[in-house]
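In the numbering used here, the protein residues as written are 12 to 285.
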């Protein structure tokens with residue numbers, strides 16, 4: 012048996028401790044965004060306030076990591092006010108299809124998306140809106156999408172107890188071999204469920220377990236949206252940080268210096284054959 016020096020042994024143990032259980036779930040070099048994606052992100056017609064957040068959200072790198080192509084059918088789940096819609100709709104306009112899927116608003120509430128899409132037909136004229144039951148989501152024709160994407164939403168579903176239903180809906184909507192892309196606020200390993208629900212930060216292990224239970228395989232993970240300055244233990248959870256800024260006025264500079272949250276970026280694959 013080969014004898015190792017103490018430094019060499021320490022390095023070997025550290026490497027083993029950090030190795031994912033699947034050799035396919037490494038942290039690959041993010042591919043370069045194609046020219047159409049670069050153009051969609053750089054478009055001066057995007058809202059200036061939204062473009063200012065690119066340094067936190069890294070849209071070109073994130074979407075390139077998810078492997079999107081201009082010919083794909085892409086469903087974005089809970090697009091909110093359409094931050095990613097402004098990039099994905101023009102990117103997919105000519106050859107692909109962009110579907111913004113949201114829960115039907117509760118009585119007395121409304122979504123900003125219909126007005127947003129109607130006001131800018133040059134950007135959103137070929138985009139589709141799909142409404143679903145937030146407690147039992149269904150995303151239309153089964154096995155019809157090349158990719159399903161969700162940005163900073165899983166923590167809401169975990170808190171509401173509906174995460175399992177969502178991941179099952181994603182699996183049903185995707186073609187065999189299709190991609191599920193997930194970005195969310197990242198808790199420290201070992202964080203308990205109650206703390207995750209209160210803070211808005213989730214462990215990667217919880218998200219991976221939820222996806223694999225639905226039938227997905229973890230394909231790769233990326234640190235493109237990591238923020239080492241975020242300790243993930245703020246008084247009002249993730250909402251303490253920008254852009255929500257739920258903190259005392261005197262702490263504004265402190266949290267501005269941290270920036271937006273530390274985020275996991277995970278790519279899952281629906282098996283090509285079941």
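Note that CB positions come from ideal geometry on N, CA and C, so glycine has one too. Because the structure is a prediction, the values reported are computed rather than measured.
Might you give, ordered along the chain, the residues of its own chain that have their beta carbon closer than 6 Å to the beta carbon of residue i, omitting 5 neighbours on each side?
{"i": "residue 253", "result": "271"}
{"i": "residue 97", "result": "57"}
{"i": "residue 145", "result": "114"}
{"i": "residue 277", "result": "193 and 232"}
{"i": "residue 257", "result": "247, 250 and 251"}
{"i": "residue 283", "result": "187 and 188"}
{"i": "residue 202", "result": "214"}
{"i": "residue 42", "result": "75"}
For the alpha helix (DSSP H) containing residue i, list its first residue and its last residue.
{"i": "residue 166", "result": "165 to 171"}
{"i": "residue 65", "result": "65 to 68"}
{"i": "residue 278", "result": "It is not in any alpha helix (DSSP H) - residue 278 instead sits in the beta strand (DSSP E) that spans 274 to 280."}
{"i": "residue 202", "result": "Premise fails: residue 202 is in no alpha helix (DSSP H) and is neither H nor E."}
{"i": "residue 102", "result": "96 to 103"}
{"i": "residue 43", "result": "Careful: residue 43 lies outside any alpha helix (DSSP H) and carries neither H nor E."}
{"i": "residue 62", "result": "59 to 62"}
Out of the options, which has the shortest C-alpha to C-alpha gap to residue i?
{"i": "residue 6", "options": "266, 237 and 238", "result": "The requested residue 6 is not part of the displayed model; the chain covers only 12 to 285."}
{"i": "residue 108", "options": "173, 117, 136 and 89", "result": "136"}
{"i": "residue 75", "options": "44, 104 and 181", "result": "44"}
{"i": "residue 217", "options": "235, 234, 237 and 196", "result": "196"}
{"i": "residue 66", "options": "283, 269, 279 and 277", "result": "269"}
{"i": "residue 230", "options": "155, 101, 181 and 188", "result": "188"}
{"i": "residue 280", "options": "200, 186, 84 and 238", "result": "186"}
{"i": "residue 183", "options": "207, 155, 48 and 233", "result": "155"}
{"i": "residue 133", "options": "233, 168 and 105", "result": "105"}
{"i": "residue 50", "options": "138, 201, 212 and 71", "result": "71"}
{"i": "residue 79", "options": "94, 212, 141 and 100", "result": "100"}
{"i": "residue 234", "options": "77, 59, 227 and 55", "result": "77"}
{"i": "residue 215", "options": "165, 69 and 73", "result": "165"}
{"i": "residue 93", "options": "84, 73, 262 and 126", "result": "126"}
{"i": "residue 228", "options": "190, 85, 53 and 260", "result": "190"}
{"i": "residue 87", "options": "226, 141, 170 and 169", "result": "141"}
{"i": "residue 143", "options": "129, 130 and 181", "result": "181"}
{"i": "residue 273", "options": "264, 262, 259 and 210", "result": "210"}
{"i": "residue 198", "options": "275, 263 and 85", "result": "275"}
{"i": "residue 152", "options": "226, 84, 59 and 264", "result": "84"}
{"i": "residue 148", "options": "52, 173, 263 and 138", "result": "173"}
{"i": "residue 68", "options": "264, 236 and 255", "result": "236"}
{"i": "residue 167", "options": "131, 150, 212 and 129", "result": "212"}
What are the start and end residues of the beta strand (DSSP E) that includes residue i?
{"i": "residue 84", "result": "84 to 88"}
Spatial neighbours of residue i within its chain, please: C-beta separation below 7 Å, excluding the five flanking residues on both sides.
{"i": "residue 63", "result": "none"}
{"i": "residue 90", "result": "96, 111, 113 and 124"}
{"i": "residue 47", "result": "81 and 102"}
{"i": "residue 116", "result": "122"}
{"i": "residue 55", "result": "none"}
{"i": "residue 208", "result": "169 and 170"}
{"i": "residue 73", "result": "194, 235, 236 and 276"}
For residue i, I'd like the list of residues in its chain whose CB is within less than 8 Å of its CB, leaving aside the five on either flank, ordered along the chain.
{"i": "residue 224", "result": "175 and 178"}
{"i": "residue 61", "result": "94 and 97"}
{"i": "residue 200", "result": "214, 215 and 216"}
{"i": "residue 35", "result": "Only weak support is given to the placement of residue 35: the predicted model assigns it a pLDDT of 45, under 50, and the question is left unresolved by the model."}
{"i": "residue 139", "result": "108, 109, 110 and 111"}
At least one CB of chain D closer than 8 Å to the CB of residue i: is that the case?
{"i": "residue 102", "result": "No chain D is present in this structure, which holds just one protein chain."}
Please determine whether the Cβ atom of residue i lies at a distance below 7 Å from any heavy atom of the ligand COA.
{"i": "residue 58", "result": "For the structure depicted, the ligand COA is absent and the ligand set is empty, with no information on it obtainable."}
### Query
Does the region 155 to 168 come close enough to the region 238 to 245 to have 3 or more Cβ pairs within less than 8 Å?
no
### Task
Please list the segments of the alpha helix (DSSP H) lying wholly inside the region 115 to 187, counting only runs of 4 or more residues, in order along the chain.
124 to 130, 132 to 135, 165 to 171 and 174 to 184
### Message
What ranges does the alpha helix (DSSP H) occupy inside the region 214 to 284, keeping only unbroken runs of at least 4 residues that lie completely in it?
### Response
215 to 224 and 263 to 269
### Message
Check whether the region 216 to 235 and the region 108 to 123 touch, using three or more Cβ-Cβ pairs below 8 Å as the test.
### Response
no
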